[in-house]
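Working notes, beginning with the structure itself.
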Amino acid sequence: MKKNFTLLFLLIAISSFAQIKGTITDSKGNPMAFVNIYLQDTYTSTTSNEQGKYELNVRTPGKHIVLYQYLGYKTEKKIVEAEKFPQIVDVQLTEEDIQLNDVVIDPKANPANEIIRNAIANRKENSAKTSKYNADFYSRGIFRVKNLPKTIMGQKLDFFDEIIDSTRSGILYLSETVSKITFQKPDKLKEVIVASKVSGNDNGFSFNNAAQANFDFYENYLDFDVKVISPIADGAFNYYRYKFDGSFADENNKVINKIKVTPKRNSEPAMEGYIYIVDDTYAIYAVDLSIKGSQMQNPALNKLTLKQSYSFNNKNKIWAKNTQTIDFEAGMLGINISGNFTYVYSNFEFKEQFEKKTFTAEVLKFEENANKKEDSFWETIRPVPLTNEE
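Numbers in the working numbering are just positions in the sequence shown, counted from 1, shifted up by 212.
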């Protein structure tokens, strides 16, 4: 079985040489990081790096419809006739024209509240559509230090000298993981790590594998050591205020509602930012939410931001999460650290049921030589290209 699995993954890696790649910029030519990129009506996806560069692995030559999605910008659709690879496709995104409703029936009514009520009412139904699946999973994490002091409380910090530059800034930790995951909500998971690369030490603060990256807004809570309340939890109105900030139509002409989310009290574990809700099914289209360290009872953490993007498949009518990022800023005793984790979920296979023997006590497994893959392997399998700094 192990040999068959390794052979299968090798074939996938070889086929991944077939790439559509390029750079994504805004209307002013600035590179755009973490753009959601996917093949229409499939679960083949990736995201752009901090330099706006992307690589989308495709399996076959021919006609491909590629979608480029970023919150606040119009989704761009490109038809790529790929007879040979790589195909270079550079994309420029323009800002979304978000419309406010012109007609207000009741001046006392808050349209955001009605949308959120419907999202809560449809939460379990929407969650059930993605409750059981197999998928490919990729994660990359990076920690950076900036302006590191030379001493703290009289103690020299010279053990960082080999990895920081003249401004006493640099990368402390860099990791990549490629795995196969089998998941059943709420928490049954089997993950086989096919490749893993780690440089540096995360000191225990990591969201590297699929279990650590599993943040589901369809659940009442998100587990960040403390239980953070979802903006569409059953009791969400006890913790949040909502404001309708307009709507826009996506590439499928589905109306997407942009809802501003604000905690009622800063002392509680509630998030602030935006949640985007699809108008017809009240499924999640995207989230862009932040929380302060004080709200998570973590004095070293300044702020944590969680973003998710979902794509719609016309074949099975399912909205599925395909990219996620976590950004954080932390500091204590003059040491300032920032971090980013990028995740790509692809090649979903949704299941009606799993066999009883699917989930066992073994939750995490490493394939043989998972931590000894050559650079050539990573170049073929990595969905998000490294930046020059990385």
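All C-beta atoms, glycine included, are put in the ideal place defined by N, C-alpha and C.
DSSP places Q507 in the helix class (H, G or I) of the three-state scheme. When the beta-carbon positions are compared, L513 and G505 come within less than 7 Å of each other. The DSSP-derived three-state label of E326 is helix.
A straight-line Cα-Cα distance of about 24 Å links Q520 and Q231. The beta-carbon separation of S381 and L360, rounded to 7 Å, stays under the 8 Å limit for a contact. With 16 or more other CB atoms across the displayed protein chains lying within 10 angstroms of its CB, K392 is buried. DSSP places T259 within a strand segment (E or B) once states are collapsed to three. The residue from Y497, N465, F429 with its alpha-carbon nearest to that of A482 is F429. By alpha-carbon distance to V473, the top candidate from S479, I487, Y494, G234 is I487.
Secondary structure of F589 (DSSP, three-state): helix. A direct Cα-Cα distance of roughly 42 Å separates T599 from A333. CA-to-CA, the gap between Y280 and T342 works out to about 22 Å. Per DSSP, E337 is one residue of the alpha helix (DSSP H) stretching across 335-340. Straight-line measurement puts the Cα of I489 at about 15 Å from the Cα of A448. Across the structure, N330 and D500 are spaced so that their CA atoms are roughly 20 Å apart. Under the three-state reduction of DSSP output, N248 falls in the strand class. Take Y250, set aside five residues on each side of it, and the residues of its chain with a beta-carbon closer than 7 Å to its own are T256, S257, L279, S523, N534, in chain order. Per the DSSP secondary-structure output, N346 pairs in a beta bridge with T394, E561. Around the beta carbon of E388, 16 or more other beta carbons lie within 10 angstroms, which makes this residue buried. When the alpha-carbon of Y452 is set against those of E480, G551, A461, I468, the nearest one is in E480. Per DSSP, I444 lies in no beta strand (DSSP E) and is assigned neither H nor E. Under the 8 Å Cβ criterion, the stretch 268-288 does not count as touching the stretch 559-571, having fewer than three qualifying pairs. Listed in chain order, the non-local C-beta contacts of A498 below 7 Å within the same chain comprise L283, Y488, Q520, S521, Y522, local neighbours out to five positions each way being set aside.
Contact annotation: the stretch 335-355 does not touch the stretch 568-581, with fewer than three C-beta pairs closer than 8 Å. In terms of Cα proximity to N346, the closest of E308, K358, T394 is T394.
Bounds of the beta strand (DSSP E) holding G543 are 530-544.
Of the candidates N261, E586, L305, L305 places its Cα closest to the Cα of E288.
Looking only at D253, N242, A423, E326, the smallest Cα-Cα distance to N528 is reached by D253.
Secondary structure of A495 (DSSP, three-state): coil. Shown here, A407 sits in a strand according to DSSP, grouped into three states. G241 sits exposed, since fewer than 16 C-beta atoms from the chains shown fall within 10 Å of its C-beta.
The alpha carbon of F553 has as its nearest neighbour, out of P243, W590, A422, the alpha carbon of A422.
N338 places its beta carbon 7 Å or farther from that of Y454.
Among the bridge pairs identified by DSSP, R352 is matched with E388, T554.
In the three-state reduction of the DSSP assignment, A294 falls in the strand class. Counted as a single uninterrupted DSSP element, the beta strand (DSSP E) harbouring D457 occupies residues 452-461.
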